[in-house]
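Take a look at the structure below.
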Amino acid sequence: MATGPAAARDFWGEGLADQPSDFLFGYGTLISEPSRTSTSRRRVVAVPARVSARFGLVRGFVARGGARSGAGFTALGLRRPREGEVPSSINGVVFPVRDAEEMAAFDRREGGYRRVEVEPALLEAVGWQGLPRSGRVWIYVPKGVEMGVDLSGEAGAPGNGVPPDAAFPLVQSYIDVVLQGALAEGAAFARELIETTFDWNEFWLDDRPTPRRPWAETEQAGAIDRLLAGTEPAASQFRNRLYPELYAARHLMDATAPR
Numbered sequence: 001m002a003t004g005p006a007a008a009r010d011f012w013g014e015g016l017a018d019q020p021s022d023f024l025f026g027y028g029t030l031i032s033e034p035s036r037t038s039t040s041r042r043r044v045v046a047v048p049a050r051v052s053a054r055f056g057l058v059r060g061f062v063a064r065g066g067a068r069s070g071a072g073f074t075a076l077g078l079r080r081p082r083e084g085e086v087p088s089s090i091n092g093v094v095f096p097v098r099d100a101e102e103m104a105a106f107d108r109r110e111g112g113y114r115r116v117e118v119e120p121a122l123l124e125a126v127g128w129q130g131l132p133r134s135g136r137v138w139i140y141v142p143k144g145v146e147m148g149v150d151l152s153g154e155a156g157a158p159g160n161g162v163p164p165d166a167a168f169p170l171v172q173s174y175i176d177v178v179l180q181g182a183l184a185e186g187a188a189f190a191r192e193l194i195e196t197t198f199d200w201n202e203f204w205l206d207d208r209p210t211p212r213r214p215w216a217e218t219e220q221a222g223a224i225d226r227l228l229a230g231t232e233p234a235a236s237q238f239r240n241r242l243y244p245e246l247y248a249a250r251h252l253m254d255a256t257a258p259r
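Structural data, given as structure tokens:
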């Protein structure tokens with residue numbers, strides 16, 4: 001049976017309806033897809049990207065967590081450069097937030113941080129995928145970090161801005177989540193992340209589930225350790241990473257011993 005000539009409407013230049021208008025830039029555990037999914041409850045595809053040094057902050061281990069549980073650690077956050085430092089670019093990923101309910105879930109997850117908008121001119125894609133052409137991109141900054149935004153009336157989270165110490169160490173299980181996410185974007189991306197992350201120090205706890213046989217529970221443990229041992233500024237502190245019993249003997253028992 002004969003049909004009429006092709007005469008469909010030209011859709012060129014039209015975007016799909018109901019596209020997201022808000023996006024998050026993740027520079028720590030949010031780089032990891034499983035970590036993002038644990039909050040969004042859905043698979044969220046991300047675009048590798050970078051925030052310019054003109055944003056004015058550096059990434060470091062300066063956000064304290066776990067105090068209420070008694071198992072404190074120091075997570076990644078952003079801070080102002082200290083004397084003698086300069087801001088650096090910060091690599092991470094940009095991903096869409098579906099709606100206000102999902103954004104609220106991420107805000108609860110990042111309870112010790114404040115969500116701040118990033119100007120589009122300060123963002124660049126680092127892979128073949130492009131960044132959103134419209135909408136707002138947000139980044140989480142530890143509460144109490146001043147960066148040219150109005151923080152009046154906001155109390156800083158206790159300890160934010162302070163490097164790791166004996167009670168709030170670097171913990172390998174957290175670092176593993178970050179670097180597993182980074183390695184999914186490639187080894188060069190993971191090295192850049194280490195090179196642009198600061199405040200590594202001697203308070204480094206190897207809390208992997210099986211620290212003496214890390215490959216048994218952490219598939220990429222070998223690749224992660226090679227990156228940490230071979231990339232500054234982490235490399236100079238990597239030798240100070242200790243198993244739990246040795247960490248306790250060196251840092252915790254010394255701290256509680258009578259003087």
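In full-length UniProt numbering, the protein residues as written are 1 to 259.
Every residue, glycine too, gets a C-beta built ideally from N, C-alpha and C.
Quick caveat: nothing in here was measured; it's all calculated off a predicted structure.
Around G60, the same chain offers R79, F198 and D199 as residues with beta carbons nearer than 6 Å, after the five sequence neighbours per side are excluded. Taking each of R213, L228, F106 and I90 in turn and checking the Cα distance to V118, the smallest one comes out for I90.
About 4 Å separates the CB atoms of P87 and A53; that is less than 8 Å, so the two are in contact.
Fewer than three Cβ pairs drawn from the region 97-114 and the region 199-215 lie within less than 8 Å of each other, which leaves the two stretches out of contact. Every beta strand (DSSP E) stretch that sits fully inside the region 28-66 and reaches 3 residues is listed by chain position as 47-51 and 58-65. Per DSSP, the unbroken beta strand (DSSP E) holding G77 starts and ends at F73 to R79. The shortest CA-to-CA distance from E195 to any of P48, A229 and S32 is the one to A229. Within the same chain, and ignoring the five residues on either side of G130 in sequence, the residues whose Cβ sits closer than 8 Å to its Cβ are V47.
Per DSSP, Y243 lies in no beta strand (DSSP E) segment and is marked neither H nor E. The C-beta distance from G77 to N160 rounds to 7 Å, short enough to meet the 8 Å contact threshold.
Annotation: the region 93-181 contains the following complete segments of the alpha helix (DSSP H) (minimum length 4 residues), in chain order: 100-109. For G4, there is no enclosing alpha helix (DSSP H), as DSSP marks it with neither H nor E. Secondary structure at L193: helix, using DSSP grouped into helix, strand and coil. Each residue's CA atom was taken as its position, placing D206 and P244 some 6 Å apart.
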